[in-house]
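Trainee: One structure follows; several queries about it will come next.
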Amino acid sequence: MGNESINWDKLGFDYIKTDKRFLQVWKDGVWQAGTLTDDNVLHISEGSTALHYGQQCFEGLKAYRCKDGSINLFRPDQNAARMQRSCARLLMPHVSTEDFIDACKQVVKANEHFIPPYGSGGALYLRPFVIGTGDNIGVRTAPEFIFSVFCIPVGAYFKGGLVPHNFQISTFDRAAPQGTGAAKVGGNYAASLMPGSEAKKSGFADAIYLDPMTHSKIEEVGSANFFGITHDNQFITPKSPSVLPGITRLSLIELAKSRLGLDVVEGEVFIDKLDQFKEAGACGTAAVISPIGGIQYNGKLHVFHSETEVGPITQKLYKELTGVQTGDVEAPAGWIVKV
Numbered sequence: 074m075g076n077e078s079i080n081w082d083k084l085g086f087d088y089i090k091t092d093k094r095f096l097q098v099w100k101d102g103v104w105q106a107g108t109l110t111d112d113n114v115l116h117i118s119e120g121s122t123a124l125h126y127g128q129q130c131f132e133g134l135k136a137y138r139c140k141d142g143s144i145n146l147f148r149p150d151q152n153a154a155r156m157q158r159s160c161a162r163l164l165m166p167h168v169s170t171e172d173f174i175d176a177c178k179q180v181v182k183a184n185e186h187f188i189p190p191y192g193s194g195g196a197l198y199l200r201p202f203v204i205g206t207g208d209n210i211g212v213r214t215a216p217e218f219i220f221s222v223f224c225i226p227v228g229a230y231f232k233g234g235l236v237p238h239n240f241q242i243s244t245f246d247r248a249a250p251q252g253t254g255a256a257k258v259g260g261n262y263a264a265s266l267m268p269g270s271e272a273k274k275s276g277f278a279d280a281i282y283l284d285p286m287t288h289s290k291i292e293e294v295g296s297a298n299f300f301g302i303t304h305d306n307q308f309i310t311p312k313s314p315s316v317l318p319g320i321t322r323l324s325l326i327e328l329a330k331s332r333l334g335l336d337v338v339e340g341e342v343f344i345d346k347l348d349q350f351k352e353a354g355a356c357g358t359a360a361v362i363s364p365i366g367g368i369q370y371n372g373k374l375h376v377f378h379s380e381t382e383v384g385p386i387t388q389k390l391y392k393e394l395t396g397v398q399t400g401d402v403e404a405p406a407g408w409i410v411k412v
């Protein structure tokens, strides 16, 4: 497929079949040689543990076209490390950091003409994943596994510019105490489908989940991490065994501290103490930052900076991180891998 039919200005976050994807099979205790393939259909046993018992995990990262025409892959080593932790939690063989990055680079190179142009706000989104496969029916780890990486071109998340959105506190739990909340596994996202749908039907951008043990502390915003800026300029983000450690979250923590001079706190964010924040946001790979205008809780909407305008510190964080990703701002050491 060519890219001639793609309208770069109207790209969303939808599946588009690109030319090549990476595929590697684990069997007989080792990873076999991987390869690029044209086939975007997986052929797996009907007894695969990924289908019946949720033995699978995935990642998401982006490649960016820079002003000089080069290609930036943003912090793939961190995605590799998180996938290794997810694999360990679900008793799956891990993919080494070197092999993970190499597979991502192969996919980017093979689909380079699908990378949105510099300045369009778009990027090439990569989706690495590991799934349990092979003939099986018992509740146990799979006899075989697949590691794959595919990619799609995606547009700027905010078509109308960076604008705040309102969110609703959910009565549902995203993850269980001591469960798989800190792993990037499909079951966590399946649990969020109904609460997210209900929030959107009520006019909100998505649901916010509280801690599953006490339901008193903010943990995640939809499928993104939460952060707040206090009146004395602290950058606070939740820390919990059931919070997914996001790469964007990690990057904002480091930039808030080193570039903006903010005090950073990873700790508890109590739902009844929202008054401490003058700005708030959700952060993740897709949008980088989704500014939070207000949070609906117990029938009351708590508004932060504004429902219509983005706070100045949130704007600075967004500009700094997106600048690093596209090569317009100098990156901290080790953050960028050239393809």
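Numbering (our numbering), first residue to last: 74 to 412. Just so it is clear, CB atoms sit at the ideal spot from N, CA and C, and this is done for glycine as well.
Quickly, what does DSSP pair ALA418 with across the bridge? List them, please.
Mentor: The requested residue 418 does not occur in the structure, where the chain is confined to residues 74 to 412.
Trainee: Where do the N-terminal and C-terminal ends of the beta strand (DSSP E) with GLY354 fall, by residue?
Mentor: Element bounds for GLY354: 350-357.
Trainee: Enumerate in chain order the residues of its own chain whose CB-to-CB distance from GLU132 is below 6 Å, with the five nearest sequence positions on each side excluded.
Mentor: Cβ within range, chain order: ASN152, MET156, PRO201.
Trainee: Under the criterion of a Cβ to heavy atom distance below 7 Å, does PHE218 qualify as lining the ligand GTP?
Mentor: No copy of the ligand GTP appears in this structure; indeed no ligand is present at all.
Trainee: Along the chain, where does the beta strand (DSSP E) that runs through SER363 open and close?
Mentor: Start and end: 361-370.
Trainee: Provide the residue span of the beta strand (DSSP E) that contains TYR282, from first to last.
Mentor: 280-283 is the span of the beta strand (DSSP E), which, as asked, contains TYR282.
Trainee: So, do the stretch 102-110 and the stretch 238-251 have three or more beta carbon pairs nearer to each other than 8 Å?
Mentor: No contact exists between the stretch 102-110 and the stretch 238-251.
Trainee: My understanding is that CYS130 touches VAL222, with C-beta atoms under 8 Å, so please give their C-beta distance in whole angstroms.
Mentor: Not confirmed; about 13 Å, so no contact.
Trainee: Below 8 Å, how does it come out for the stretch 379-387 and the stretch 336-345: are there three or more Cβ pairs, yes or no?
Mentor: With a cut-off of 8 Å, the stretch 336-345 and the stretch 379-387 do not count as touching, because too few Cβ pairs lie within range.
Trainee: Does the beta-carbon distance from PHE147 to ILE362 come in below 8 Å?
Mentor: No, they are not a contact pair.
Trainee: Helix, strand or coil for VAL376? Go by DSSP, reduced to three states.
Mentor: Residue state, collapsed to three classes: strand.
Trainee: To the nearest angstrom, how far is it from the Cα of GLU339 to the Cα of SER379?
Mentor: When rounded, the distance between both Cα atoms is 24 Å.
Trainee: Could you pull out every residue in the same chain whose Cβ sits closer than 7 Å to the Cβ of VAL412, ignoring the five residues on either side in sequence?
Mentor: So the qualifying residues of the chain are ALA136, ILE144, LEU146, LYS178, VAL181, LYS182.
Trainee: Taking PRO318 and GLY254 to be in contact with their CB atoms under 8 Å, please state how far apart those CB atoms are, rounded to whole angstroms.
Mentor: Not really, about 10 Å apart at Cβ, beyond 8 Å.
Trainee: Tell me the DSSP secondary structure of PHE218 in three-state form.
Mentor: In the structure shown, PHE218 sits in a strand (DSSP, three-state: E or B).
Trainee: Please state the DSSP three-state secondary structure of HIS238.
Mentor: HIS238 falls in the strand class under three-state DSSP.
Trainee: In angstroms with no decimal places, state the Cα-to-Cα distance between ASN53 and ALA359.
Mentor: The chain is shown from 74 up to 412; residue 53 falls before or after that span and cannot be answered.
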